[in-house]
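Notes for the one structure printed next.
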Amino acid sequence: MSVTISKQEHNNDPDRFERLFQLGITYIQQLSGKVWTDYNTHDPGITILEQVCFALTDIMYRSDFAINDLLADDHGNINYHQYGLATAPDILSAPPQQPEEYQAYIARSVPQLEQIWFHTNKRTPHAGLYDASGILQRFYRRQQQSSRGNDGQSLSMKGQQDKAKQNLIETYHRVRGLAEDLQSITIMGESAIHLIASIQISNDNTEPNQLAAQIYQQAAQWLRHRSGSDVHELYDILLSYDGVQQINELGFAIVHDGIDGQTPVSDFPEHASLIVPETQSDILLTLIQNQNKVQLDAADVAIQIDRLFQQYPSGNQSPVIGPVLPTGTHRDLSQYESIQTLFPRNYQLAVRNSFNRNVHSLSQRHQLRSYLLLFDQLMANFCEDLNQLPALFSTYVNHQSSYHSAILDQLRFNGIDEHYPPNAKKRLNKLQAEFDDFPERKNRVYDYLIALYGEHFPDRFHRTFSPYFPEHDIDWQLLALKQNFIVNITTVTNRRGLGDNLFYAHHTGGYAQRLISLLGLKVHTGDSDGSGLNISEYLLNVVTDENYIQSDIGKKAMFELHSTVLPHFEPLPERPKGLALSAQQKRQLRASVYALSSQTLPESLLQYGIDNQRYQVLTQSKAGDYRLFFDMGSHHQQRWLYIGRYSQKQKLERYCHWLQCWLIELNQHSETLYVVEPIMLRQPKTDLSSLANTVYIVLPGFTARHCDVMFRQQAEQIIRANTPAHLSIQVLWLDFYAFYEFENHYHTWRKQKALALQKPNSTNTKHCDAVANNLSEFLSKPEVSSEVLIL
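Residue numbering for the sequence shown follows numbering that gives the first Met the number 0, beginning at 0 and increasing consecutively.
Structural data, given as structure tokens:
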């Protein structure tokens, strides 16, 4: 690397001072023509141009700082989550998908297991079911040995096995693939055997305990990974050790009643493990040195073995450690010094107390400062924009402005109070707001962050199907949706193939979260009564228009208005921006709408009541009041639904706008998505061929957006494009009553399933099977299955 600055590279810089200055001269010549021909350096205009060009080079220098410097906080640290940047271990380390990957993941995560075997179920190899088996870690087997009863069985074995099994299930469900499950789990304690050996060691070996520990550790490893029952392989390995001269005897045996009764092992059990000595009676290894038997210290041998097992673990792998994340150098880029401080002293611009009190001279300096303020303000604003780049690039939407203004003070601009108008900050912000399309610029930032992960958000889909927002608010809604997508980027990308963690009743898996984010739906939670429908909170049932018209309240609230009345209808003004209702206002509104007095909500009012043009105001001059009607739009003669009345037209308009806001909230909060995996609902004698590799996507079909056929088609395409290719997707669009019943069944099953997994016993398992059967029977109903669309 050169230690000098290349003149050629400097001369080629398009933003260097000389080029900026020459470009300014060119503009002056073009604008002034023959009016001004004096381009000498003593000219004040040339001096001003020089100072401006110098200040511009300083701003360009600030703009070229490394991005990690621009994003660093006061301590030089970068909040990567705040900027939507996932770390490499989180975003690149994919969750397990193949049996050997599950096996490695569980081995790292379950400390009770020394080794784990994970493979597809042999009876149904293509159903997404797995069988898992494992053997307890040596530490827990040692506890079993120390607590043996008279019958030789471990008193704590079952407890240790149950705990290890529980940890295995919980670990698996954290990374469970969609439409997959564990069919069987077997946790083995030990088929414990002793090492029986007589080995001659060299005379100069001063650490016989350490050599004995190495022999035990190697024998345990060979026993775990052996391919047969021939001990010659272990014989050759031990003979290669430094200090081992001859092996007189080598074998394994099961010891009965102390060391007097031994049964040699010729056919090893499938999962045999070595008993590591803890007491002198456990040592059946004989080391001979100088033709004398070495007295081994059991405690020292056990300590040495522990060290070897920690240094060379048998199966557990350490998690991958990612690279060190870069930091930055914090720079306060908002500091700006006025260009008037760069002028020669004879201009007396930067002098606070000028000795020249000539009125004419003072007025000239004041006029020049006012002229320079145009440049100063633009450059100070730009410095503030640089300082606010972290806010622009973050996932937050707090500032709601992408351009910023800086208010100069006396330290940065001499005599600024004489030049600023009243409320300068407010006026500058208002001026910049005319050119600042914050939602559009922030959306581009979000698009860039999403593209970093190879993703694309369906903007056109949301712009096309957005009945709840006026056109000028769609960009803001997109910001909220993209913000949620980026904040959960690891889940919706890296874990997009994972199902729900059924260990927890309200957990939503990566696959469901991805679909919910892309479609702009609400994450379901499930309240105390088992339903997540917001409509149900207000004791309302959504019914068809036909059923509503035939009901008692429908006969009273529906009207057929004569043609002579219709011309007296008046439309309502547009709904004001940013209108929000409190919980008390919603309850009052629910109670005051006459059409809802019998706890029924007609579909048309829910779906089209958000449209301001559907409402009409009828003035009753004799009664002195105003009445609000809603156009149901049906072909029935009684198409006008009576909403309410007020004595003042302004209050009636506000009442109608509140109603629209409330209906929008009911629609949005009802739009959610559930993923049901039939394989998780299987019963002991269920035919798995009809359940395997199938997923139900359940959505409400009665809301303003979901009742649109075109929306359903586009939504189904998004679902299919984001679903693993080997799965068959069945999409269900349910009406209000069917969806309400489904939610009750689903949330009941999730709670019982979580209880059965957390506290496994026959009672919980039986209850879980019962509610799972209820959910399966509901999904098999003809009226429900008729709504299924197979993708």
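The beta-carbon is built from N, C-alpha and C at its ideal position, and this holds for glycine as well.
(1) Can you tell which of Gly700, Cys706, Leu680, Phe701 has its C-alpha closest to the C-alpha of Val694?
(2) Going by CA-CA distance only, name the one from Lys758, Ile24, Cys52 that's closest to Asn39.
(3) Would you say Leu651 touches the ligand NAD, meaning its beta carbon is less than 7 Å from a heavy atom?
(4) With a CB to CB cut of under 6 Å and the five nearest residues on each side skipped, what residues in its chain are close to Glu179?
(5) Hey, would you say His359 sits closer than 8 Å to Asp72, going by beta carbons?
(6) Would Ile168 pass as a contact of Leu756 if the rule is Cβ separation under 8 Å?
(7) Would you tell me roughly how many angstroms separate the C-alpha atoms of Gly327 and Gln334, rounded to the nearest one?
(8) Please report the straight-line C-alpha distance between Arg147 and Thr185, rounded to a whole angstrom.
(9) How far does the alpha helix (DSSP H) with Glu720 in it extend, from its first residue to its last?
(10) Quick check on this structure: which residue in Thr262, Pro457, Asn721 has the alpha carbon closest to the alpha carbon of Leu514?
(11) Can you list, in chain order, the stretches of the alpha helix (DSSP H) that have 4 or more residues and sit fully within the region 509-592?
(12) Hey, would you say Glu100 sits closer than 8 Å to Leu135, going by beta carbons?
(13) Counting C-beta neighbours from all protein chains within 10 Å, is the total for Leu371 16 or more, i.e. buried, or is it exposed?
(14) Which runs of the beta strand (DSSP E) at least 3 residues long sit entirely within the region 727-757? Give them in chain order.
(15) Under the DSSP definition of a beta bridge, which residues are partnered with Leu627?
(16) Do the CB positions of Leu605 and Leu640 come within less than 8 Å of each other?
(17) Thinking Ile253 and Ile192 are a contact (beta carbons under 8 Å), I'd like their distance in whole angstroms, please.
(18) Could you tell me the distance, in whole angstroms, from the CA atom of Asn204 to the CA atom of Gln220?
(19) Is it the case that the Cβ atoms of Ile58 and Tyr452 are separated by a distance below 8 Å?
(20) Do Tyr402 and Asp446 have their C-beta atoms within less than 8 Å of each other?
(21) Just to check my reading of the structure: Leu501 and Ala103 have Cβ atoms closer than 8 Å, yes? What is that Cβ distance to the nearest angstrom?
(22) For a test of the three-state rule: what should DSSP assign to Ile134, helix, strand or coil?
(23) Would Ser799 pass as a contact of Leu427 if the rule is Cβ separation under 8 Å?
(24) Using C-beta distances below 7 Å, list every residue in its chain close to Asn380, excluding the 5 sequence neighbours before and after it, in chain order.
(25) Taking only three categories from DSSP, how would you classify Ala196?
(26) What do you get for Arg704, buried or exposed, if any count of 16 or more other CB atoms within 10 angstroms of its CB means buried?
(27) Decide if Ile66 is buried, meaning its Cβ has at least 16 other Cβ atoms within 10 Å, or exposed.
(28) Could you pull the start and end residues of the beta strand (DSSP E) that His398 belongs to?
(29) Would you mind sorting Leu377 into buried or exposed? The rule is 16 or more other CB atoms within 10 Å of its CB.
(30) Go to Met187, then tell me how far its beta strand (DSSP E) extends in each direction, as first and last residue.
(31) Please tell me whether Phe628 and Gln615 are closer than 8 Å, where the distance is taken between their beta carbons.
(32) Quick check on the DSSP output: the beta strand (DSSP E) that includes Thr693 runs from which residue to which?
(33) Start and end of the beta strand (DSSP E) containing Ala271?
(34) Go through the region 421-492 residue by residue and report every complete run of the beta strand (DSSP E) that reaches 3 residues or more, in order.
(35) Bridge partners of Lys684, per DSSP?
(36) Leu690: which of Ala218, Glu782, Gly700, Val675 sits nearest, CA to CA?
The short version:
(1) Leu680
(2) Ile24
(3) This structure does not include the ligand NAD; it has no bound ligands of any sort.
(4) Gly127
(5) no
(6) yes
(7) 19 Å
(8) In this prediction, Arg147 scores a pLDDT of 48, lower than 50, which makes its location untrustworthy; the coordinate-derived value is nonetheless stated afterwards. Taking the straight line joining both Cα atoms gives about 21 Å.
(9) Per the sequence shown, residue 720 should be read as Ala rather than Glu. Segment 708-720, the alpha helix (DSSP H) holding Ala720.
(10) Asn721
(11) 509-518, 544-549, 551-556, 582-591
(12) no
(13) buried
(14) 727-733
(15) Val616, Gly643
(16) no
(17) 6 Å
(18) 24 Å
(19) no
(20) no
(21) No, Leu501 and Ala103 are not in contact; Cβ-Cβ is about 22 Å, not under 8 Å.
(22) strand
(23) No statement about residue 799 is possible, as the shown extent of the chain runs from 0 to 790 and does not include it.
(24) His403, Ser404, Ala405
(25) strand
(26) buried
(27) exposed
(28) No beta strand (DSSP E) contains His398, which DSSP labels as neither H nor E.
(29) exposed
(30) 180-187
(31) yes
(32) 693-699
(33) 271-273
(34) none
(35) Beta-bridge pairing links Lys684 to no other residue.
(36) Val675
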